[in-house]
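Everything below concerns the one structure shown next.
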């Protein structure tokens with residue numbers, strides 16, 4: 009019998025693996041945080057499973073989300089990406105990835121990006137003890153603050169809802185519901 013998972017998690021094995029092994033687990037690796045910030049932006053307006061299914065291809069075309077590679081892509085390279093059915097072919101998102109890589113480079117020149125991002129939750133995961141999905145907000149004050157700071161740093165596709173999804177994905181916010189098999193370990197109990 010499958011373990012109880014958060015109600016948003018479907019029976020898709022890829023989704024279940026993401027839910028069980030990654031979502032809500034504190035991430036303090038700069039490269040992984042950058043990748044997830046990019047993926048959350050790509051997801052805007054789409055379902056998360058769509059992005060998960062394209063994640064490996066994104067890793068290929070962006071050379072493992074190599075920031076220097078992404079920041080230095082030419083307009084011609086971005087135009088070619090728009091023809092690649094393995095990614096989400098939205099012009100604003102494709103060009104936004106280059107912009108975000110450049111913004112990330114500037115952020116890294118001035119700050120430790122891990123500490124900078126985690127500052128919005130005081131350096132520790134915000135643990136919600138929600139019994140149902142209805143108790144989990146789409147955005148929070150912390151996500152709004154992160155969104156404002158990222159936008160000020162010239163990032164795009166970083167609205168408060170995207171920032172909160174990013175916080176959930178990277179364990180800055182632990183929103184597994186109390187009936188979920190992941191909840192006890194991640195809630196500290």
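Residue numbers (the working numbering): 9 to 197. Glycine is no exception: its CB is placed at the ideal position from the N, C-alpha and C atoms.
Is residue 35 a contact residue of the ligand MN, with contact defined as CB to any heavy atom under 8 Å?
Absent from the structure shown: the ligand MN. Ligands present: none.
How do the region 86–96 and the region 29–43 stand: do at least 3 beta-carbon pairs fall below 8 Å, yes or no?
no
Taking the alpha helix (DSSP H) that residue 174 belongs to, which residues open and close that run?
If you number the chain shown from 1, residue 174 lands on position 166. First-last of the alpha helix (DSSP H) with residue 174: 168–177.
Suppose you measure from the CA of residue 132 to the CA of residue 151; what does that come to, to the nearest Å?
Against the chain shown, residue 132 aligns to sequence position 124. Against the chain shown, residue 151 aligns to sequence position 143. Each residue's Cα considered, the two are about 14 Å apart.
Cβ shell of residue 77 (< 6 Å), same chain only, five flanking positions each side left out:
As a position in the chain shown, residue 77 is number 69, starting the count at 1. Same-chain partners within the cutoff: 71.
Coarse secondary structure for residue 181, derived from DSSP in three states
Locating residue 181 in the chain shown gives position 173, where the first residue counts as 1. It is a strand residue.
Buried versus exposed call for residue 183 [16 or more other C-beta atoms within 10 Å across all chains shown]
For the purposes of this step, residue 183 is taken as residue 175 along the chain shown, with counting starting at 1. With 16 or more other Cβ atoms within 10 Å, it is buried.
To the nearest whole angstrom, what separates the beta carbons of residue 185 and residue 148, a pair I think is in contact under 8 Å?
Stepping through the chain shown from its first residue, residue 185 is reached at position 177. Stepping through the chain shown from its first residue, residue 148 is reached at position 140. Rounded, the Cβ-Cβ distance is 17 Å, inconsistent with contact.
Counting only runs of 3+ residues fully inside the region 97–122, write out the beta strand (DSSP E) ranges in chain order.
none
Inter-residue Cα distance where the pair is residue 106 and residue 22
The count along the chain shown starts at 1 and reaches residue 106 at position 98. The count along the chain shown starts at 1 and reaches residue 22 at position 14. For residue 106 and residue 22, the distance between alpha carbons rounds to 27 Å.
Extent of the continuous alpha helix (DSSP H) run through residue 136
By one-based count along the chain shown, residue 136 stands at place 128. Where residue 136 is concerned, there is no enclosing alpha helix (DSSP H), given that its DSSP letter is neither H nor E.
Answer with buried or exposed for residue 90, where buried requires no fewer than 16 other C-beta atoms within 10 angstroms of its C-beta.
Counted from its first residue, the chain shown places residue 90 at position 82. Exposed, because fewer than 16 other Cβ atoms sit within 10 Å of the Cβ of residue 90.
Close beta carbons around residue 81, own chain, < 7 Å, minus the five adjacent residues each side
In the chain shown, residue 81 corresponds to position 73, counting from 1. Counting only Cβ-Cβ distances below 7 Å, and skipping sequence neighbours, we find 106.
Under 6 Å Cβ to Cβ from residue 163, same chain only, skipping five residues before and after it: list those, please.
Position 155 of the chain shown holds residue 163. Closer than 6 Å at Cβ, skipping near neighbours: 108, 111.
Return the Cβ separation of residue 181 and residue 134 in integer angstroms, given the expectation that the two are a contact with Cβ distance under 8 Å.
As a working note, residue 181 is residue 173 in the chain shown. As a working note, residue 134 is residue 126 in the chain shown. Confirmed, about 5 Å.
Residue 57 by DSSP, collapsed to three states: which one?
Here residue 57 is taken as the residue at index 49 of the chain shown, counted from 1. Residue 57 falls in the helix class under three-state DSSP.
Is residue 16 helix, strand or coil when you go by DSSP?
In the chain shown, residue 16 corresponds to position 8, counting from 1. Residue state, collapsed to three classes: coil.
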